[in-house]
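Residue numbers (this note's numbering), protein chains in the order written: chain A, -3 to 559; chain B, 742 to 1096.
Think of the CB as a built atom: it goes at the ideal place given N, C-alpha and C, for glycine as much as any other residue.
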Amino acid sequence: MTEEKEDKKRTIWNRKRRYYQPIIKRSKYWPVVLLSKHRKEFIEEVVENTMARINKLRPSKKELIEELETTHYREKQRMRSNPWRVDPPDEKKFWDEIKSELVSISNQPEGKEKAEELLKRIITRYENEISGNFKSSRYRLTRSIVKFGFRRLLNASQVKGIFAIFKTDYYLTDKIQIVGKTKLLRKLAKDNTIVMVPTHFSNLDSILIGWIIHVLGLPPFIYGAGLNLFNIKLFAYFMNSLGAYKVDRRKRNLIYLESLKMYSHNALLKGAHSIFFPGGTRSRSGHVEKSLKRGLLSTAIEAQRSLLMKEETKNRRIIIVPVVINYHFVLEAPSLINDYLKRTGQERYYKEADEYSTSYKIIKFLISFFTKGSNISVSIGKPMDVLGNPVNEKGESIDKHDNTINLADYFTSDDTIIENDQREDEYSKILSKKIVEEYHKSNRVFASHLVAWTAFRYWQRQYPKLDLFGFLRLPEDELEIDYEVFKEEVRIVRDKLYALKKEQKLKMAKHLEGDLDKVIKLGIENVGLYHVNRPLLQVKNKIVTKSLSTLYYYHNRMDGYDL
Amino acid sequence: MGMTSEKKRPVAVLGAGSFGISVANLLATHDQVLLYSRSIESIEEMNREHCKKGYKLHDNITATNDLESILKECHLIFPVVPSYAFRDLMRTISPMLHPYHILIHGTKGLDIQIPEGKTLDDIENLSRKEVKTMSEVIADETSVIRVGCLAGPNLAKELADNQPAATVVASHFEEVISMGIKHLRNDRFQVYGNSDLIGIELAGVLKNIIAIAAGALHGLGMGENAKGLLISRGMIEIMYMGRAMGGDLRAFLGLAGIGDLVATCNSTHSRNFTVGYRLAKGEKLDSIIESMDEVAEGVNTIKIMKRLTNYYKVRAPITQALYTVLYKDVSAEEALQYLMNIPFNVDIEFLKKLD
Chain A
-3 MTEEKEDKKR TIWNRKRRYY QPIIKRSKYW PVVLLSKHRK EFIEEVVENT
47 MARINKLRPS KKELIEELET THYREKQRMR SNPWRVDPPD EKKFWDEIKS
97 ELVSISNQPE GKEKAEELLK RIITRYENEI SGNFKSSRYR LTRSIVKFGF
147 RRLLNASQVK GIFAIFKTDY YLTDKIQIVG KTKLLRKLAK DNTIVMVPTH
197 FSNLDSILIG WIIHVLGLPP FIYGAGLNLF NIKLFAYFMN SLGAYKVDRR
247 KRNLIYLESL KMYSHNALLK GAHSIFFPGG TRSRSGHVEK SLKRGLLSTA
297 IEAQRSLLMK EETKNRRIII VPVVINYHFV LEAPSLINDY LKRTGQERYY
347 KEADEYSTSY KIIKFLISFF TKGSNISVSI GKPMDVLGNP VNEKGESIDK
397 HDNTINLADY FTSDDTIIEN DQREDEYSKI LSKKIVEEYH KSNRVFASHL
447 VAWTAFRYWQ RQYPKLDLFG FLRLPEDELE IDYEVFKEEV RIVRDKLYAL
497 KKEQKLKMAK HLEGDLDKVI KLGIENVGLY HVNRPLLQVK NKIVTKSLST
547 LYYYHNRMDG YDL
Chain B
742 MGMTSEKKRP VAVLGAGSFG ISVANLLATH DQVLLYSRSI ESIEEMNREH
792 CKKGYKLHDN ITATNDLESI LKECHLIFPV VPSYAFRDLM RTISPMLHPY
842 HILIHGTKGL DIQIPEGKTL DDIENLSRKE VKTMSEVIAD ETSVIRVGCL
892 AGPNLAKELA DNQPAATVVA SHFEEVISMG IKHLRNDRFQ VYGNSDLIGI
942 ELAGVLKNII AIAAGALHGL GMGENAKGLL ISRGMIEIMY MGRAMGGDLR
992 AFLGLAGIGD LVATCNSTHS RNFTVGYRLA KGEKLDSIIE SMDEVAEGVN
1042 TIKIMKRLTN YYKVRAPITQ ALYTVLYKDV SAEEALQYLM NIPFNVDIEF
1092 LKKLD
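Here is the structure:
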């Protein structure tokens, strides 16, 4: 109790420092505002560039028509097999028209122009759908709602009693710690374009990141959000106002994918700070991302090269900032892990529950999230250039010997900067590797991860003959550990973690220090605390589990460290 | 654009051993070549006589020890120094290297980093953390990214006689491969490309083990049946080791693997073969090494791979047997006998007797 009080004092004292002044005060100068102000021209430009790109990939009339036919076929299939609420009502009509014109063009002897016209119509439609519609008034409103609402909930939960909702002693910054290279990030964001690359565990990540960006005093970022999330009205509202553009994962045709990449590419050229979730989707297994989808990363590399090629932009840098979000628990964990196990091929069939299906469920979750007092930490990793080299305050790339690197040199052949797709594709592999390394270094271990890892590994060692899936099928009530044994195991793992921390291979939360009993208690109380079947519980003198697969999920967080 | 008016840069070769000179000669049919050597004497000799130790130098080759101007003038660089000197060279030139440089190395050996105060003899097991290929050393030490390697049957003596041959240029970057082809290829020399850089490097490195074994067989007076047995079993062994180290098995089936293996296992021109041969004749390793003026990479490779196969638990009887011959005073005859006694598909636990 006294400790809690002290804690509170410290945060009040710190409070002012924890909110940063905005780096650009007037919202009309925010890159994202400028972008939406000139939305029409921007889209025209993107359409034109995408046209050029597709024409380069499909140079002859025959190839282009084939591509259009494939696209039409796939779109038809999508509409039939997987329709969504957000889909526009005129979809069928649009594609029917495309089809009938395609038929007539194929029979005509003329050149490519007609096909290109169709291509343009399709791309224009796609770009309009993708394009976000940022309004700064709405952004401000949303921000206030988030801040106000969260803070109220927070106070209600801390001081216990519904009337506390009107008190304002606790702030969101008490719940969510931001650590790492925040100052460097703020400096870099002034003259460069930031691409934030967060790990992705929960659907709440995008809202959380949006809020972090605000706390750091950065202008809003744009980001691609799954179109499926726009099915839910509450999410749609948040997303639209936080600068989201829409990504439809059902559309996998070349024209759509190129349209999407070009949108993000051109936005970067315009200086719009962006968020890429490069794992593509939430981590199903609970592992920190090991491999990243390289499509978006190569967009950043291409954009940097384009900037370097122009005299007036050659000094502007695209800065990649890996961000690791750590939770004690992830709302979706049970269904994510079951989905993962099912996909890996050997798990019993599970029906996926969608925790985010209605606005009601989300609000319910938010309330329990705040009333159960779980913490979140967001680690801002080392900012890097598009090849993964660290950058200094001026945005200059730094090599292994602390000398600056001329970034243009990476894109040079015979003393001139050229476009080389194969080269840049290799660069995206290098960048992806560097980001993953940085994730592991910035990952902040919580007590809950520690206990989950230790317990899971301990039990797994008791069954050396079972493979992972065999082990996971064990009945939970067969598994238990004596508290004292468990404590010793935790001590060993914690020592190893300290050693890794010393080598700067990971970070550890402050609450891991000191008395081991307290650490274990905190860990067990928090690991997956919202789940119906708790991954770990202490029953008298025994540690037990109610859900081995969920425990596996939280354990995975610390996989890949040579522990 | 087509032809541009840009001035043609010279190409650099770092290291003036017999293979370095061969590479320089191949390049010199297209380009001016700057050939780096540390020794002032040897530079003067090369520039004066256009010849070194019986190897003729093309007129387009200029020898120099001025690394700074080499790296300023050249964008395409071929480091061809022994593996033990490779990391030091990279450290030296690192400040002068930039991401526009392209490095294609021709060193068929491994780099090893051991904790300070220890020697390789103190260490039982080595993992990939300590053992690196040359392209990995370049990545460790420099900001050069466009990296490639040369591998394949390229015996310096035969290249000097302008006999037909071929090489593989391996790189993740197509532009590096096409640079290699453009600058190396001529009507007596074919150049193939491969994108599996690590696999090709490993094929080139590991085949030296089998070359030493082939020399030893020859020294023992064994015939072609035995050599056939060795090459096929040896191939399998190096493929397993290569896979454990992260290479793709296919690399071993090409020019850099089987192609190079057959060439070196039959050639008295090969240094590694010679080491094996003289060992079988009863000479001691130290005196052999002392009397050779260039490094036989295979000797060091065996030392490293012995410890690496311990760590990765790869079955490698030939490497293990050779190790005992090189470092444990076991005779080649004895080692061969042990190898011949391996029951098929039974593990190699019995080799412990030799340690």
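What are the boundary residues of the alpha helix (DSSP H) that B:Ala769 is part of?
-> 759 to 769
Which partner residues of B:Phe819 appear in the DSSP bridge assignment?
-> B:Val754
Nonlocal neighbours in the same chain, by C-beta distance under 6 Å from A:Tyr549, ignoring five residues either side | Gly282, Ala329, Ile333
Determine, using beta carbons only, whether B:Phe914 comes closer than 8 Å to chain A.
-> yes
Any beta-carbon of chain B closer than 8 Å to the one on A:Thr400?
-> no
Residues of chain A with a CB under 8 Å from the CB of B:His839: which are they?
-> Ile401, Asn402, Asp405
Pairwise C-alpha distance: A:Lys497 and A:Met305 | 41 Å
Whole-number beta carbon distance between A:Ser127 and A:Ile19, since they are thought to touch under 8 Å | A:Ile19 to A:Ser127, Cβ: 25 Å. No contact.
Where does A:Thr66 land, buried or exposed, given buried means 16+ other C-beta within 10 angstroms?
-> exposed
What residue range is occupied by the uninterrupted beta strand (DSSP E) comprising B:Asp991?
-> It should be noted that the sequence gives Arg, not Asp, for residue 991 of chain B. No beta strand (DSSP E) contains B:Arg991, which DSSP labels as neither H nor E.
Range covered by the alpha helix (DSSP H) that runs through A:Val43 | 35 to 53
Within 8 Å (strictly less), CB to CB, does B:Ser876 reach chain A?
-> no
State the start and end residues of the unbroken alpha helix (DSSP H) segment that holds B:Tyr1053.
-> 1038 to 1053
Minimum C-alpha distance to A:Gly176 - residue among A:Lys33, A:Ser255, A:Tyr435, A:Asn416 | A:Tyr435
Tell me, please, whether the CB atom of A:Glu420 is closer than 8 Å to any CB atom in chain B?
-> no
Integer Cβ distance of A:Asn227 from A:Val82, believed to fall under 8 Å = 5 Å
With DSSP collapsed to three states, give me the class of A:Arg469.
-> coil
Rounded straight-line distance, which links the Cα of B:Ile818 to that of B:Val774 = 10 Å
Mind pulling the alpha helix (DSSP H) runs of 4 or more residues that sit fully within the region 493 to 538 of chain A?
-> 512 to 522
What's the gap between the Cα of B:Pro823 and the Cα of B:Ser759?
-> 11 Å
Could you please give the first and the last residue of the uninterrupted beta strand (DSSP E) stretch that includes A:Ser375?
-> 372 to 376
Can you find a CB in chain A that lies within less than 8 Å of the CB of B:Ile855?
-> no
B:Val946 versus A:Glu307: straight-line alpha-carbon distance, rounded | 46 Å
Of all the options A:Leu53, A:Arg136, A:Ile205, which has the alpha carbon lying nearest to the alpha carbon of A:Phe272?
-> A:Ile205
Does the Cβ-Cβ distance between B:Val909 and B:Ile922 come in under 8 Å?
-> no
Residues that B:Ile843 bridges to, as DSSP identifies them | B:Leu817, B:Arg887
Residues sharing a beta bridge with B:Asp852, DSSP | B:Lys873
Do you know offhand how far A:Lys503's Cα is from A:Ile376's?
-> 12 Å
Give a yes or no on whether 8 Å exceeds the smallest Cβ distance from B:Pro836 to chain A.
-> yes
How would you call A:Ser373, buried or exposed, if buried means at least 16 neighbouring beta carbons within 10 angstroms?
-> buried
Cross-strand partners of A:Gly176 (DSSP beta bridge) | A:Ile376
Just grab the DSSP bridge partners of A:Tyr479 for me.
-> Answer by DSSP bridge pairing: none, since A:Tyr479 is not bridged.
Please say whether A:Met47 and A:Glu113 have beta carbons closer to each other than 8 Å?
-> no
Relative to the C-alpha of A:Leu544, which residue among A:Arg182, A:Phe467, A:Leu508 is closest?
-> A:Phe467
What residue from B:Arg929, B:Lys849, B:Gly847, B:Leu867 has the CA that sits closest to B:Pro856's CA?
-> B:Leu867
Are the CB atoms of B:Arg1099 and B:Glu916 nearer to each other than 8 Å?
-> Given that chain B is displayed from residue 742 to residue 1096, the structure contains no residue 1099 of chain B and the question cannot be resolved.
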